[in-house]
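**Student:** Per the numbering used here, residue 78 is the first one in the sequence shown, and the count goes up by one each step. So that we are looking at the same thing, I have put the structure below in structure tokens.
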Amino acid sequence: MTLNAVDSDFIETLSAQLPEGTLSAPEPRHLEEPRGRFAGQAGIMARPRSVDEVSAIIRACAAAKVGVVPYGGGTGLVGGQVMQGGPAPVLLSLERMNTLREVRAASNVVVAEAGCILADVQAAAEAVDRLFPLSLAAQGTAQIGGNLATNAGGLNVLRYGNARDLCLGLEAVLPNGNIWHGLSPLRKDNTGYDLRNLLIGAEGTLGVITAASLKLFARPVAHETALLHVPDVDAAIALLGMAQDLVGEGVSAFELMHRQGFEFLQATMPQVRLPFKDLPEWAVLVDFGLSRAQENQGILERLLTDAMDAGIVTDGLVAQSEAQRADFWAVRESIPAANKLIGSISSHDVSLPRENISDFILQGRAAVAALGSFRLNCFGHLGDGNLHFNVFPPEGKNKQEFKHLQGDVKRAVHDVVADFGGSFSAEHGVGRLKVQDLELYADPTKLATMRAIKSALDPVGIMNPGAVLEN
78 MTLNAVDSDF
88 IETLSAQLPE
98 GTLSAPEPRH
108 LEEPRGRFAG
118 QAGIMARPRS
128 VDEVSAIIRA
138 CAAAKVGVVP
148 YGGGTGLVGG
158 QVMQGGPAPV
168 LLSLERMNTL
178 REVRAASNVV
188 VAEAGCILAD
198 VQAAAEAVDR
208 LFPLSLAAQG
218 TAQIGGNLAT
228 NAGGLNVLRY
238 GNARDLCLGL
248 EAVLPNGNIW
258 HGLSPLRKDN
268 TGYDLRNLLI
278 GAEGTLGVIT
288 AASLKLFARP
298 VAHETALLHV
308 PDVDAAIALL
318 GMAQDLVGEG
328 VSAFELMHRQ
338 GFEFLQATMP
348 QVRLPFKDLP
358 EWAVLVDFGL
368 SRAQENQGIL
378 ERLLTDAMDA
388 GIVTDGLVAQ
398 SEAQRADFWA
408 VRESIPAANK
418 LIGSISSHDV
428 SLPRENISDF
438 ILQGRAAVAA
448 LGSFRLNCFG
458 HLGDGNLHFN
468 VFPPEGKNKQ
478 EFKHLQGDVK
488 RAVHDVVADF
498 GGSFSAEHGV
508 GRLKVQDLEL
518 YADPTKLATM
528 RAIKSALDPV
538 GIMNPGAVLE
548 N
């Protein structure tokens, strides 16, 4: 279906249906994405304050065959929020829909509009002595609607799951403008197709999420955190098994880091203090969130002792204060920023079965080495099999010198991922960056079914054109 560009007649028609001030020209920041890979365009920007206004916008776009690009916090890394070419769309920002409608401590539920900042939802949960566990580097900017639209992952997936696992119900506007009132707080509701999980992870291609009922959890009464040196990735995986045997779901995070990441931090962010004199080849950040019954039991000290006796940990530090714990986490959370300052040739957000991770890293390194003498920083959420496998130019070189190899590097890495039954997109989504990867690696039946669903719900093709699926 051919879409139309926003024009003056469309703007006049839409403006008559909305409160004054809802429509404006997009600001430059709304047409950018964090890595600078895409420059977007839009005919007009709409900033509604209610679900009814969103409905009016979508209904007008469907009637005029004008595309809609939903925009949250703008922190997505695969271009889902920016549309480079084609007829100029409406850029639909949810930033004004930022009300926390309800906090139900007894039911462990918070109802948040799509434009709520993730950190504000976390704070609202803390105010009633609860935890909303979704945790991302961009949580001060990322919005709940975008988190759900991309099924965001982050640091606590090992214990609490992805954004999908933290959502009980949705309010959303479908491509015909109809509103789905699905903000159920129920944990059990087997009444037909699961529209909630259809919209979560769809990246705005099947509708616009406007609010969500989110799960809250009991707050751990104590945290124990350690930064441990391990000889190799197999040792790190063995350590994870030991940790889970010891405290089960008390393992909140288990983060893998490589020496290259520490070297990047030293080169670009000397203000981030590395708590060890000699850089380890591999290290893991282990975080336990403990219940009252587990508090003051010295569980992490016991893990460290047992692991060192078994030879799977060679050195390590257990945080002795909240400040030291924050310092440990600052190391892990600063690695992406250091990577950005170095400048990658190609970055990969992949997931693999735990038993294949070590072999993948070896074969992935070999595949990249066959293309050039590159530096490789492998780090990520080992507990849930999610690695960031990023390729950088040799020291003293600029990534632009190797831009012509970007596609070859990505294909080489993703081919190895596919050989091990992994995913080329673990937590960042498909967006526009990985549309061709989906075409190449996805199961044909899955692709055909996705296209059938898209065609059934959005026959005009107005919702986030060019994202996830080819036009």
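For glycine and all other residues, C-beta sits at the position ideal for the given N, C-alpha and C.
1. Going by other Cβ atoms of all chains shown within 10 Å of its Cβ, with 16 needed for buried, is K511 buried or exposed?
2. List, from N- to C-terminal side, the alpha helix (DSSP H) runs of 4 residues or more that fit wholly inside the region 399–466.
3. Does the contact criterion of 3 or more C-beta pairs under 8 Å hold for the region 122–141 versus the region 250–264?
4. Name the two residues that bound the continuous beta strand (DSSP E) containing I286.
5. If we require 4 or more residues per run, which alpha helix (DSSP H) segments fall completely within the region 467–496?
6. Where V494 and E504 are concerned, what is the direct C-alpha to C-alpha distance, given to the nearest angstrom?
7. Looking at the secondary structure, which residues open and close the beta strand (DSSP E) in which A140 lies?
8. Assign Q337 to buried or exposed, taking buried as 16 or more other Cβ atoms, counted over all protein chains shown, within 10 Å of its Cβ.
9. Assuming L169 and A123 make a contact with CB atoms under 8 Å, what is their CB distance in whole Å?
10. Could you tell me the distance, in whole angstroms, from the CA atom of A312 to the CA atom of H258?
11. Indicate whether S424 and N463 have their beta-carbon atoms separated by less than 8 Å.
12. Nearest to S290 by alpha carbon, out of L448, S212, L225?
13. Quick one: what does DSSP say F115 is sitting in, helix, strand or coil?
14. What's the gap between the Cα of E116 and the Cα of L95?
15. Can you give me the Cβ contacts of D364 inside the same chain, cut-off strictly under 6 Å, excluding the 5 residues immediately before and after it?
16. Please list, in chain order, all residues of the same chain as T218 whose beta carbon is under 6 Å from its beta carbon, the five residues on each side excluded.
17. Taking the alpha-carbon positions, what's the L272 to G543 distance?
18. Following the continuous alpha helix (DSSP H) through P521, name the residue where it begins and the one where it ends.
19. Among V186, L275, A320, whose alpha-carbon lies nearest the alpha-carbon of L263?
20. In or out: P413 buried (at least 16 other Cβ within 10 Å) or exposed?
21. Might you give, ordered along the chain, the residues of its own chain that have their beta carbon closer than 7 Å to the beta carbon of Q371, omitting 5 neighbours on each side?
22. Relative to the C-alpha of F402, which residue among L305, S450, T282 is closest?
23. According to the Cβ coordinates, are G538 and L80 closer than 8 Å?
24. Determine, using beta carbons only, whether L243 and L276 come nearer to each other than 8 Å.
25. Are the CB atoms of E410 and A214 nearer to each other than 8 Å?
26. G156: which of L546, P521, V507 sits nearest, CA to CA?
27. If I419 and F469 are in contact, beta carbons under 8 Å, what's the gap, nearest whole angstrom?
28. What is the DSSP secondary structure of E190, counted as helix, strand or coil?
29. Return helix, strand or coil for M334, following the three-state DSSP convention.
30. Could you check if L517 is buried or exposed, using at least 16 other CB atoms within 10 Å of its CB as the buried criterion?
**Tutor:** The answer reads as follows:
1. Taking a 10 Å sphere around the C-beta of K511, we find 16 or more other C-beta atoms and assign the residue as buried.
2. DSSP runs (the alpha helix (DSSP H)) wholly in the region 399–466: 399–419, 434–446.
3. Contact between the region 122–141 and the region 250–264 is present: three or more C-beta pairs spanning the two stretches fall below 8 Å.
4. Note, I286: beta strand (DSSP E), 285–292.
5. As for any alpha helix (DSSP H) of minimum length 4 sitting wholly inside the region 467–496, the runs are 483–496, ordered along the chain.
6. Rounded to whole angstroms, the separation of the alpha carbons of E504 and V494 is 15 Å.
7. Following the DSSP letters along the chain, one finds A140 in no beta strand (DSSP E) but inside the alpha helix (DSSP H) bounded by residues 128–141.
8. Within a 10 Å sphere around the beta-carbon of Q337 sit 16 or more other beta-carbons, which makes this residue buried.
9. Right, their Cβ atoms sit about 5 Å apart.
10. Approximately 48 Å between the Cα atoms of the pair.
11. Contact check for S424 against N463 fails: the beta carbons are separated by 8 Å or more.
12. For the set L448, S212, L225, the Cα lying nearest the Cα of S290 is the one of L225.
13. Of the three classes helix, strand and coil, the one that applies to F115 here is coil, per DSSP.
14. Looking at the sequence provided, one finds Ala at residue 116 rather than Glu. Spanning the two alpha carbons is a distance of roughly 28 Å.
15. So the list reads T302, S329, A330, once near-sequence residues are dropped.
16. So the list reads G150, T152, once near-sequence residues are dropped.
17. When rounded, the distance between both Cα atoms is 22 Å.
18. Under the DSSP assignment, P521 falls in the alpha helix (DSSP H) whose first and last residues are 521–534.
19. Per the C-alpha coordinates, the member of V186, L275, A320 positioned closest to L263 is V186.
20. P413 should be labelled buried.
21. Annotation for Q371: V324, G327 place their beta carbon closer than 7 Å to its own, counting only its chain and skipping 5 residues before and after.
22. It is Arg, not Phe, that sits at residue 402 in the sequence shown. Ranking the options by Cα distance to R402, first place goes to L305.
23. Their beta carbons are under 8 Å apart, which means G538 touches L80 by this criterion.
24. Not a contact, by the Cβ cut-off of 8 Å.
25. Contact: yes.
26. Ranking L546, P521, V507 by Cα distance to G156 puts V507 first.
27. Correct: roughly 6 Å between the Cβ atoms.
28. Strand at E190.
29. DSSP places M334 in strand when its eight states are reduced to three.
30. Burial call: exposed.
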